[in-house]
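Just add 30 to the spot in the sequence shown (first one is 1) and you have our numbering. Cβ atoms here follow ideal geometry from the backbone N, Cα and C, with glycine treated the same way. Here is the structure we will look at, set down as structure tokens.
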Amino acid sequence: KSALNASAAVVKTRKQLDSAFVSLVKNLQDNKVKLLAGSDCGAFNSYVYPGISLHQELKALVKAGLSPLQALQTSALNGAKFLKKENIGSIKENYKADLVILNANPLENIDETTNINLVIKNGKVFKSLEQLKTTP
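Here it is as structure tokens:
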């Protein structure tokens, strides 16, 4: 409700802030700053929802000048390093990794991150997102 009731000045300021952040992305990446994906969700962030917001953020990072590979690295690779969980997020022997198998290559088109074939989570294969949602 807060976003719907925001004044014109607040909406304008929010758009200016978003533009400022977008203009920083490529410069930060070029200067070796490790960016982290992970849209802020919560009661005070209207219209940001877990799950789909990450896909939207990856698209926004590419639109801001990152390559699809760099955008994907902000999530799995950089996130694991930041959390000092470097044995997570890579596919190697003795590493832990949940996998999302896509139908097309997101390195060619970042929109393909939503074109999901199946998910492997905790060693179980899920062929539909509905199946995944109902499993504890």
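In the displayed model, residue 151 falls within a strand according to three-state DSSP. In the structure shown, residue 146 adopts extended strand secondary structure according to DSSP, grouped into three states. The stretch 107-115 makes no contact with the stretch 139-155; the number of CB pairs closer than 8 angstroms stays below 3.
Residue nearest to residue 155 within the set 129, 140, 134 is 129 (criterion: CA-CA distance).
Its Cα nearest to that of residue 103, the residue 67 stands out among 38, 57, 67. In this structure, 140 is the residue among 140, 125, 63 with its C-alpha nearest to the C-alpha of residue 132. Per DSSP, the unbroken alpha helix (DSSP H) holding residue 107 starts and ends at 106-112.
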